[in-house]
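Residue numbers (the numbering used here), protein chains in the order written: chain Y, 55 to 388; chain L, 36 to 366.
Okay, structure first, notes after.
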Amino acid sequence: MPAMRVRQAIATALADEMRTDPTVIVFGEDIAAAEGPFKTSEGLLEEFGPIRVRDTPISEMAFTGAAVGAATMGLKPVIEIMFMEFLGVALDQLVTEGAKMRYLSNGKLSVPMVVRASVGGGLGFGGQHSQTLENWVAATPGLKVLSPSDAQSAYSLLRAAIQDPDPVMFLEPRITYAERGEVDTNLKMAIGKARVVKPGKDLTIVALGQMTNIAREAAATNGADIEVIDLCTIVPWDKKTVFASVKKTGRLVVVEEQPESGGWGSEIVAAVSAEFFGELKAAPIRITCPNVPVPYNGGLEARFLPNPTEVNYQIDQLMATGKAPQPWWIREGF
Amino acid sequence: MSKGLERRKAILSDPVAQFERAVEIREFENQVNALFASGTIRGTTHLCLGQEALAIGLASVLRTDDQVSATYRSHGIALALGLTTESAMAEIMGKATGCCGGLGGSMHLFDLELGLLPTSAIIGGGMPIAAGVALAFQVQGNDRVAVAIFGDGATNIGAFHETLNLAAIWKLPVVFICDNNVYAEYSRINLTTPIEDLHIRAESYAMPHYALDGMDIDVVREGIQSAVDRARSGGGPTLIEAKTYRFAGHSRADQALYRPEGELDSWKSRDPLLLLEERAKKIGKMSESDVADMKARIAKEIEATVALCQSAPEPSPKTMFENIWSRKVSQ
């Protein structure tokens, strides 16, 4: 199996889908001639030409809507939103137009499009280029929301997203682009299916995107036998895998890279609490960022993001007492 | 041939049929208004009274495989394109037999076969979609054309400018039609916009543009045909500004009391129905009594449509869970 960087896995998935399916087209800002600011479309213009690989103006609303329209007429557009924040000006087209097309056409129109966006912190991009913002899209019926955590999941999930007949929001943790991993191009991953990336019997961590790697790192050094689940899909999320794990371990910790309020982890905790109330060995908890913007300063950004030290602190407390520990910003009086 | 396609074919060139369709739209809208007033229909509605010539002119020059992205004020465009009055009225009444199964309502009409994309209730929202539809036609290498029709208010929203720019640089086969009915919701255009002739905004996108009299179907047809021909032959997009007038308020709650005195009357002297009637008499040889008979017949037909739709079934609760995704995923 070839080892490739996450960004190469994405470019390879795009190329493989474009070779397989002539209706796949890609467009976005600087993705053709410049091959993408993160090099996630390397080689595409050269191989597939300017009809199928297009640079757009800095007009997220127009090109997101153009993807919706093109999808209704039989193309499979994959568009790139350079930083997730830039989707803000295009949300109408995705949430109010694209996600409603099937419904408002009585099931006659499909919108097989993928919106790729780079997300997340850790690289010093500051308050307007570092958010994950999954909750912008996770609450919209009609959208599917995915996020890979490594090269394999980036490759396999992106191919699944492109093949899917519905609009898919594909959130790529920017910090992982340069990371290498082995990729089996024959491995299929299904939308709505989580991965158990490390089995364990004492406690379940559910994580997403770069937090999967943080969770893995924490689990590797923790004294407890921790099961780590990479959720992969937020909508529709894999209840079966999560429930099976919590049934076994009796403990749930969700690790989320986003402010505490309104996060996807609340859905997981609520569902697990309702399903296993009375059977749990500890309070189900979430480890999140504080309810503040992403700070630029390197030291502060490192504090802002959940990290293995904090994850292990929370887990150790939870294992010892069964009660939800306070987050670091409360412990430290902020 | 389906009833919708037959209805479309009927208005392609026959001035009598075009006049008749305009009368149908007018009668339909008046009935919708009355049904809302009486509480028979819920929600809101946006009438197109006074804008019938533009709707019919547009529908009469397009092919059925062309696609139109229109707005919440599109009962007339939908009927002009061929949607049956039953399908439209049932939708507005929220009935299972409506074109969107009763889940869309007055602002959301749709017919794939007739080239009516789901109408958008967001100002300017349909414009990027139309560009995308045109992009698909361009990539597929066919000669189909997309049309975005929108109001004057839309020319102040970002989607308008972004879409014109994108369509221009990609030379997309799309026709933009600004239906300038003088009022953007409750505000007269001069209060919100520093120019009177909105089509000149295309100048900065190096796009052909012109205004036309939206009350006169022959002018409408000629102007749109030329833009459609350009798009179909690879010449790229055009912005047309059709000067019309909204005879009713913005939506059902609005009596439009903000209009300057005499403005409505002055526009009504050029009511597209009057012009279409004159034309049907002149070219189509309709007599005064033909006109009276036709109007009486249409009024009866619309009444019958209303009665039929009132007794139509309500959508079942399960339909609310369908058509969210390609297949149902229980969550």
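Ideal placement from N, C-alpha and C gives every residue a C-beta, glycine not left out.
- Note: Y:A261 is bridge-paired with Y:D284, Y:V309 in the DSSP secondary-structure output.
- Within the same chain, Cβ atoms closer than 8 Å to the Cβ of L:A241 are found at A203, the five residues on either side in sequence being excluded.
- Runs of the beta strand (DSSP E) lying entirely within the stretch 91-157 of chain L, each at least 3 residues long, are 102-104 in chain order.
- Counting of Cβ neighbours within 10 angstroms places L:Y293 among the exposed residues, the total staying below 16.
- DSSP places L:H81 outside both helix and strand once states are collapsed to three, so it counts as coil.
- Shown here, L:A181 sits in a strand according to DSSP, grouped into three states.
- Each residue's CA atom was taken as its position, placing L:A90 and Y:M167 some 31 Å apart.
- For Y:A214, DSSP assigns no beta-bridge partner whatsoever.
- Among the bridge pairs identified by DSSP, L:P295 is matched with none.
- Out of L:L226, L:L170, L:A125, the CA that lies nearest to the CA of Y:K130 is found in L:L170.
- What Y:Q264 touches in chain L, judged by beta-carbon distance under 7 Å, is nothing: the nearest beta carbon there is about 25 Å away.
- If you draw a straight line from the Cα of L:D214 to the Cα of L:E231, it comes to about 13 Å.
- Annotated three-state conformation of L:F211 is strand, per DSSP.
- With a beta-carbon spacing of about 5 Å, Y:R106 and Y:I79 fall inside the 8 Å limit used to define contacts.
- Between the alpha carbons of L:V341 and L:A347 lies a distance of about 10 Å.
- Listed along chain L are E197, N200, L201, each with a C-beta nearer than 7 Å to that of Y:S113.
- Here DSSP, grouped into helix, strand and coil, assigns L:Y218 to strand.
- With contacts defined by Cβ atoms closer than 8 Å, L:R42 and L:G117 form a contacting pair.
- For Y:P104, no Cβ of chain L is located within less than 8 Å of the residue's own Cβ.
- For Y:R108, there is no enclosing alpha helix (DSSP H); the residue is found in the beta strand (DSSP E) stretching over 107-109.
- Contacts with chain L at 8 Å (Cβ-Cβ) do not include Y:E310.
- Listed by position along chain Y, the residues whose Cβ is nearer than 8 Å to that of L:A262 form an empty set, because the closest Cβ is around 18 Å away.
- Note on the stretch 136-213 of chain Y: whole alpha helix (DSSP H) runs with a minimum of 4 residues are 188-192, in chain order.
- In the structure shown, Y:M72 falls within a helical segment according to DSSP collapsed to helix, strand and coil.
- Ranking Y:D70, Y:G119, Y:M243, Y:M115 by CA distance to the CA of Y:E96 puts Y:D70 first.
- Any Cβ of chain Y closer than 8 Å to the Cβ of L:H244 would place that residue at the interface, and such an atom is absent.
- Y:R249: not part of any alpha helix (DSSP H); member of the beta strand (DSSP E) spanning 249-252, first to last residue.
- Chain L places a beta carbon closer than 8 Å to that of Y:N160, counting this residue as a contact.
- Against chain L, the beta carbon of Y:Q147 has neighbours under 7 Å at P163, listed in chain order.
- For Y:T126, the nearest CB of chain L lies under 8 Å from its own CB, placing it at the interface with that chain.
- Boundaries of the alpha helix (DSSP H) harbouring L:H196: 193-205, taken from the DSSP string.
- Collapsing the DSSP output to three states places L:H285 in coil.
- In the displayed model, Y:V132 falls within a strand according to three-state DSSP.
- Per the DSSP secondary-structure output, L:K278 pairs in a beta bridge with L:N215, L:D248.
- Interface residue (Cβ-Cβ distance to chain L less than 8 Å): Y:F117 is classified as such.
- Straight-line measurement puts the Cα of L:A331 at about 52 Å from the Cα of Y:V222.
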